[in-house]
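Heads up: the structure comes next, in structure tokens.
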Amino acid sequence: MNNRFGRAARAEFCLDEAVAFLNHGSFGATPRAVLAAQDRWRATMERQPVHFMGRLLPRALDAARAALGDFLGADPAGLVFVENASAGVNSVLRSLPFGPGDEILATALGYPAVLNAARYTAARTGARLVTVALPLPIRGPAAICDAVAAALTPRTRLAILDHVTSATACVMPIAALIEACRGAGVPVLVDGAHAPGMLALALDDLGADWYTGNCHKWLFAPKGAAFLHARRDRRDGVHPLVISHGVDNGLHAAFDWPGTRDFTAWLAVPDGIAFHRSHDSEALRTHNCRLAAAMAAELATRWGTGPAVPPSMLGSMATVRLPFADAATPEAALRVHDRLIDDHGVEVPVWAIGEALWLRISAQIYNEPADYRRLADAVAAIAH
Ligand SMILES: Cc1ncc(COP(=O)(O)O)c(C=O)c1O
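Under the working numbering, the first residue of the sequence shown is numbered 2, with each subsequent residue one higher.
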């Protein structure tokens, strides 16, 4: 194993030494070096706010966008910063002219807040949210492609598909799903909240109509840094959530000024990318994916349970069934979460999905096998 990973990498983050932090997935953890870069931007802003906003910012945003486009394999002309993936999804939903009888397709593995946004949009426009059931454990990519393809109808106006699902940590067969939708004439919005930094991306090649992703999860950027990418033929009709000075002046102008805000998280995105690259992006991704798969297998064996998805569909997170007979309710999940952190110092998300309680581990460069063994012992202690 690369000797810059594990304990050695821990000092590069502000994380609490007392906690086994196994939830990089929810909000990321920003390296000290990236936070320092953000602080420098903030100092520049506060030294001369008018000069910063009026003169420096447009060029700095273009430079940050160029660096992000290079990392994502995305033409910067179709790339804009947004606050988070939720904003990216909502921007597209609000930009499209849904009408009565139209269908918005998503899967049951979709992020609950995104499903809420789609449901809200549907309710306001007379459209309908169609949710494709995908029971656990997932059998493989073909099962997902077949289920989604079977749910497309002549009324489907948009498919919202995750690249990496949240609670179930499934790397979806996104290229095949996009192809199936395209074959049926259905535009695709990819919710790639977890993908940047976790998976190698080439967004222009992937060819989704729209793709939104977070930089603050696996790309080490400060919180509040995300993007929306629009394919060449989809750049005109998409608008930000906040309509401001740049309306009707092109994609960049419309999104780059959502009113006065702290832009420093966006400007520090190149520093998150530099941190990722300084750890050799390929080696980092491989380390995280191998660690997640190995530790998920070890936990499932120890607890006599199983994973939510096959090992071939994992990225740097994995969801494993808990060995508890408790009723699978959100309250029971919260109780287990709270005991894990409060009594055992292990931060890991727990969910009630279907008939069982599950937990999702993350693997980031600061993690090592001992973190997961602490989790294994804590769960065994709670189970007794
Ligand atoms: C699949 C997915 N989509 C969207 C989001 C929302 O991300 P954000 O809170 O940064 O908007 C998340 C957050 O975890 C997610 O997992």
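Just so you know, even glycine gets a beta-carbon here, dropped at the ideal spot from N, CA and C. Only a predicted model underlies this, so the values are computations on that prediction, with no experimental measurement involved.
Residue i lies in the alpha helix (DSSP H); which residues open and close that run?
{"i": "Gly184", "result": "175-184"}
{"i": "Asp272", "result": "270-279"}
{"i": "Val191", "result": "Not the alpha helix (DSSP H): Val191 falls in the beta strand (DSSP E), residues 189-193."}
{"i": "Val380", "result": "370-384"}
{"i": "Tyr121", "result": "113-126"}
{"i": "Thr287", "result": "282-304"}
{"i": "Cys146", "result": "142-152"}
{"i": "Asn91", "result": "86-96"}
{"i": "Leu315", "result": "It is not in any alpha helix (DSSP H) - Leu315 carries neither H nor E in the DSSP assignment."}
{"i": "His164", "result": "No alpha helix (DSSP H) holds His164; DSSP gives it neither H nor E."}
{"i": "Pro59", "result": "58-73"}
{"i": "Asp249", "result": "Looking at the DSSP string, Asp249 is not in any alpha helix (DSSP H), and its letter there is neither H nor E."}
From the DSSP output, in three-state form, read off residue i for me.
{"i": "His230", "result": "strand"}
{"i": "Phe6", "result": "coil"}
{"i": "Asp40", "result": "helix"}
{"i": "Leu159", "result": "strand"}
{"i": "Gly214", "result": "strand"}
{"i": "Thr330", "result": "coil"}
{"i": "Val243", "result": "coil"}
{"i": "Val20", "result": "coil"}
{"i": "Thr132", "result": "strand"}
{"i": "Leu200", "result": "strand"}
{"i": "Phe14", "result": "strand"}
{"i": "Pro308", "result": "strand"}
{"i": "Val347", "result": "strand"}
{"i": "Val172", "result": "strand"}
{"i": "Leu341", "result": "helix"}
{"i": "Gly225", "result": "coil"}
{"i": "Arg236", "result": "coil"}
{"i": "Leu207", "result": "helix"}
{"i": "Leu220", "result": "coil"}
{"i": "Phe256", "result": "helix"}
{"i": "Pro50", "result": "helix"}
{"i": "Pro138", "result": "coil"}
{"i": "Ala266", "result": "helix"}
{"i": "Pro101", "result": "coil"}
Starting from the C-beta of residue i, find all residues in its chain whose C-beta is less than 6 Å away, skip the five residues before and the five after it, and write them out in chain order.
{"i": "Ala170", "result": "Met318, Ala319, Thr320, Arg361"}
{"i": "Leu73", "result": "Leu202, Leu204"}
{"i": "Pro331", "result": "Ala353"}
{"i": "Met314", "result": "Cys171, Val172"}
{"i": "Ala226", "result": "Cys216, His217, Ala266, Trp267, Val270"}
{"i": "Pro112", "result": "Per the sequence shown, the amino acid found at residue 112 is Tyr instead of Pro. Answer for Tyr112: Ser167, listed in chain order."}
{"i": "Val83", "result": "Gly89, Ala227, Leu229"}
{"i": "Met199", "result": "Trp219, Gly316, Ser317"}
{"i": "Tyr386", "result": "There is no way to answer for residue 386, as the model of the chain reaches only from 2 to 385."}
{"i": "Ser279", "result": "none"}
{"i": "Ser363", "result": "Leu23, Asn24, His25, Gly26, Met318"}
Run through the DSSP bridge pairs and tell me what residue i is partnered with.
{"i": "Trp359", "result": "Arg322, Trp352"}
{"i": "Pro32", "result": "Phe14"}
Note the first and the last residue of the continuous beta strand (DSSP E) segment covering residue i.
{"i": "Thr261", "result": "No beta strand (DSSP E) holds Thr261; DSSP gives it neither H nor E."}
{"i": "Ile105", "result": "104-108"}
{"i": "Val83", "result": "80-83"}
Who are the near neighbours of residue i in its chain, counting only those whose CB is closer than 7 Å to its CB and skipping five residues on each side?
{"i": "Ile402", "result": "The shown model of the chain, from 2 to 385, leaves out residue 402, and the question about it has no answer."}
{"i": "Ala196", "result": "His164, Val165, Leu202, Gly214"}
{"i": "Pro174", "result": "Pro142, Ile145, Cys146"}
{"i": "Gln39", "result": "Pro223, Thr265, Ala266, Ala269"}
{"i": "Pro32", "result": "Glu13, Phe14, Phe221, Phe276"}
Below 8 Å CB to CB, which residues in the same chain sit around residue i once its five sequence neighbours on both sides are set aside?
{"i": "Ala67", "result": "Pro77"}
{"i": "Val187", "result": "Leu106, Leu153, Thr157, Arg158, Leu159, Ala160"}
{"i": "Arg322", "result": "Ala301, Trp304, Thr306, Gly307, Pro308, Ala309, Ala357, Leu358, Trp359"}
{"i": "Phe28", "result": "His217, Lys218, Lys224"}
{"i": "Leu135", "result": "Thr108, Ala109, Leu110, Ala144, Ile145, Ala148"}
query = Can at least three beta-carbon pairs, one atom from the region 246-259 and one from the region 210-223, be found at a separation below 8 Å?
reply = Taking a contact to require three or more Cβ pairs closer than 8 Å, the region 246-259 and the region 210-223 do not qualify as touching.
Three-pair Cβ contact test at 8 Å for the region 372-385 versus the region 291-304 = Touching, yes.
inquiry  = Within 8 Å, do at least three Cβ pairs link the region 363-376 to the region 22-41?
reply    = Yes, the region 22-41 touches the region 363-376.
query = Given 8 Å as the limit, is there contact between the region 78-90 and the region 227-239, that is, 3 or more CB pairs closer than that?
reply = Contact check between the region 78-90 and the region 227-239: three or more CB pairs, one atom from each, fall below 8 Å, which counts as touching.
ask   = Counting pairs of Cβ atoms below 8 Å between the region 120-138 and the region 234-246, do you hit three or more?
value = These segments do not touch.
query = Do the region 176-190 and the region 53-65 make contact, defined as three or more Cβ pairs closer than 8 Å?
reply = No, the region 176-190 is not in contact with the region 53-65.
task = For the region 251-258 and the region 279-286, state whether three or more C-beta atom pairs, one from each stretch, are separated by less than 8 Å.
result = By the Cβ criterion, the region 251-258 is not in contact with the region 279-286, since fewer than three pairs of Cβ atoms, one from each stretch, lie closer than 8 Å.
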